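Q: In full-length UniProt numbering, the protein residues as written are 1 to 349.
Just so you know, even glycine gets a beta-carbon here, dropped at the ideal spot from N, CA and C.
Just so we're clear, the structure is a prediction, and the values are computed from it rather than from any experiment.
(1) Is the beta carbon of residue 208 closer than 8 Å to that of residue 342?
(2) DSSP three-state label for residue 281, please.
(3) I need the DSSP call for residue 242, collapsed to helix, strand or coil.
(4) Assuming residue 212 contacts residue 235 under a Cβ cut-off of 8 Å, what Cβ separation, rounded to an integer in Å, is found between them?
(5) Can you give me the start and stop residues for the beta strand (DSSP E) that residue 232 sits inside?
(6) Per DSSP, what kind of secondary structure is residue 345 in: helix, strand or coil?
(7) With a threshold of 8 Å, are at least 3 pairs of Cβ atoms found where one atom belongs to the segment 39-48 and the other to the segment 167-182?
(8) Just to confirm the assignment, what range does the alpha helix (DSSP H) spanning residue 222 have?
(9) Taking the beta carbon of residue 347 as the centre, do at least 16 other beta carbons fall within 10 Å, making it buried, or is it exposed?
(10) Please go through the same chain and pick out, in chain order, the residues whose beta-carbon is closer than 6 Å to the beta-carbon of residue 223, but skip the five residues on each side of it.
(11) Return the Cβ separation of residue 88 and residue 337 in integer angstroms, given the expectation that the two are a contact with Cβ distance under 8 Å.
(12) Going by C-alpha to C-alpha distance, which of 349, 333, 69 sits closest to residue 81?
(13) Please list the terminal residues of the continuous alpha helix (DSSP H) segment that includes residue 327.
(14) Exposed or buried, residue 159, counting other C-beta atoms within 10 Å across all chains shown (16 or more means buried)?
(15) Just to confirm, is the Cβ distance from residue 214 to residue 252 under 8 Å?
(16) DSSP on residue 336, reduced to helix/strand/coil?
(17) Counting beta carbon pairs with one atom in the segment 25-34 and one in the segment 58-66, are three or more of them shorter than 8 Å?
(18) Relative to the alpha-carbon of residue 286, which residue among 220, 329, 114, 95 has its alpha-carbon at the smallest distance?
(19) Report yes if the CB atom of residue 157 is closer than 8 Å to the CB atom of residue 116, and no otherwise.
(20) Compute the Euclidean distance between the alpha carbons of residue 278 and residue 37, then round it to the nearest angstrom.
(21) Please report the straight-line C-alpha distance between residue 70 and residue 137, rounded to a whole angstrom.
(22) Pick from 316, 264, 216, 310: whose alpha carbon is nearest that of residue 237?
(23) Return the chain-ordered list of same chain residues with a C-beta closer than 8 Å to the C-beta of residue 154, the five sequence neighbours on each side being excluded.
(24) Which one of 39, 302, 290 has the shortest CA to CA distance from residue 75?
(25) Is the beta carbon of residue 35 closer than 8 Å to that of residue 203?
(26) Could you check the C-alpha separation between residue 229 and residue 272 for me, to the nearest Å?
(27) Contact check, residue 148 vs residue 96 under 8 Å by CB: the rounded distance?
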C-alpha cells in the first residue's frame, strides 16, 4: 500500500514538473501603473530625450523602398547614410478584422517581425490605427478592440518581452468617418476605446493623438483625451508646391509645440514632400524646424514603387546627388538622432 502511494505521488510530481517545463516564462517585468517597465520607461524617456536631439525615422523604413519590398534588413535610408531610422511607423488598419495585410498592402506578420527587430535595436515604434466605422454597434467595436489587443499582445519575443509602442487611435486625416464627429464626440469615442484597451489589460502601449487637418490651438484641445502622451502632426504633400507646404508646415508646428507642453505631451512630426522637389529640403526646412521648434521625433513618409512614380520622401541610391548630399548634411547634424546613436529609450535612468 505504501509503495503504491509513493508511486502515485511520483507520477503526480512528474506531471507537475512536465507542465511547468512547457509553460512559457516571461522575462517582461511589470511596472507600478499597469504597464511593463519598458513601456513606463518609454513614457518617461520620450520627454527627457528631447534634450538630446530629435529622432529621425520613416514609415515602413525597412519594409519597402524604391524598387524593392520585403528585403531583409534593406533600407533606402541606410543605403544613403549607413544608418537606420530611429523611428518606425506602421499602419494597423485591417488588424481589427483579422486581415493578413494592412490597408497599405503590408503583411501583419512581416510588420510584427520588423517591429520586434526595431525594438531590439532600441528604436521608437509608432502605430496609427485608422479604424473602420462600427456603425454605433458596440459589439462590433468590442470585436475590433479584441483583435487589436490580440495583435498588440503578439508583439513579443521568445522570452515574452513585449515591444513598447505608441498607439495613435483614430488619426484625424480629414477623410475617415470619425473626422466628421464633433470634437466632443471624437474625444468620447477615443476615451471609450482606451478604456476598453485598459480593461483588456494591454500593457505595452502608450497613446498618441495624430492630426493632419488645419486646427486652431483652442480647438485641438477639445479633441485630446487625458490619456494621451504623444501628439503628432502629419503633413505629407503629394504636390510639389513647396511654398504652400512650408506655410502649413510652420503654422501647424507652432500649434503643435505650444499645445504639447501645456498638456505634458511629447510633440512629434510625420512629414515629407513626395518626389523631394526642393534640393535643400532637409537642411533648409527640416533642420531649420529642428532649431526653431522643440520636437521629439520627425518621421518621413514611406518610399515605395518605381522611381518614376515619385513616391519617396527620403532619397534613394541613384537619384539627384544634391538631394542625397543635403540629407547627409542633416544626418551629420548634432541635433538629429538616427538608430546608431539612439541608446536607452527603454531603460530606467
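A: Reading it off the structure:
(1) no
(2) helix
(3) helix
(4) 6 Å
(5) 228-237
(6) coil
(7) no
(8) Segment: none, residue 222 is in no alpha helix (DSSP H) and carries neither H nor E.
(9) exposed
(10) 183, 186, 187
(11) So it is not a contact: roughly 14 Å between Cβ atoms.
(12) 333
(13) 321-332
(14) exposed
(15) yes
(16) strand
(17) no
(18) 329
(19) yes
(20) 43 Å
(21) 37 Å
(22) 310
(23) 112
(24) 302
(25) yes
(26) 23 Å
(27) 6 Å
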